[in-house]
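Some notes on the structure that comes next.
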Amino acid sequence: MALKASNKINRIRTFALSLVFVGIFIMYIGIFFRTSPIIMTIAMILGFIFVISSSVVYFWIGMISTSTVQVTCPNCNKTTKILGRVDACMYCDEPLTLDKTLEGKEFDSAYNRKHTKS
Ligand SMILES: [Zn+2]
C-alpha cells in the first residue's frame, strides 16, 4: 500500500493552508528585493495569487462539503464526513465506505475514480 488512508476534505484543507504559507513566504522573499522593484512586484503578485487561490480552494471545500455524507465512525464514534465512495475518518483515518460491495475490502482510493466491475 503506497498511500495511507486519509480524509479527503482534510487533505484539501491542508493543501489550502500550505498555499497561504507559500504565498506569504513568497511575499516575504519579495521584501529582500526592495532595491529591485521589478522582482519585488513579481514576488508580491505571485504571493498574492497563491493567497487568492487558497481562498478559492477554501470556497471549493465549502462547495463539495454540501455533497458529503455525514456518518458516525464505527471506530472512534465521532461524526465524520465521507466524500466519494470510499474515504477515511477525519479523526482516526479509519477507512469508511458507503458501498456495501466494497465492505471489508482493502482501502483503495481508486474506487472513487473508476467503477469497479464486479
Ligand atoms: Zn474515526
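When we follow full-length UniProt numbering, the leftmost residue of the sequence shown carries the number 1, and every step to the right adds one.
Beta carbons: idealized from backbone N, C-alpha and C, even for Gly.
Using a cutoff of 7 Å, the CB of Y28 does not count as near ligand 1, since none of the ligand's heavy atoms is closer than that. In terms of Cβ geometry, V86 and T79 do not form a close pair [threshold 8 Å]. With a threshold of 7 Å, the Cβ atom of K8 does not count as near ligand 1, since no heavy atom of the ligand is closer than that. Where P95 is concerned, there is no enclosing alpha helix (DSSP H), although the beta strand (DSSP E) around it starts and stops at 95–97. Here F33 really is in contact with I39; their C-beta atoms are around 4 Å apart, less than 8 Å. Contact annotation: K81 and T66 have beta-carbon atoms that are not nearer than 8 Å. In this structure, ligand 1 has a non-hydrogen atom nearer than 7 Å to the beta-carbon of T80. Taking C-beta atoms under 8 Å as the contact rule, S54 and L102 fail to qualify, at a distance of about 33 Å. If you look at A88, you'll find it in the beta strand (DSSP E) that goes 86–88.
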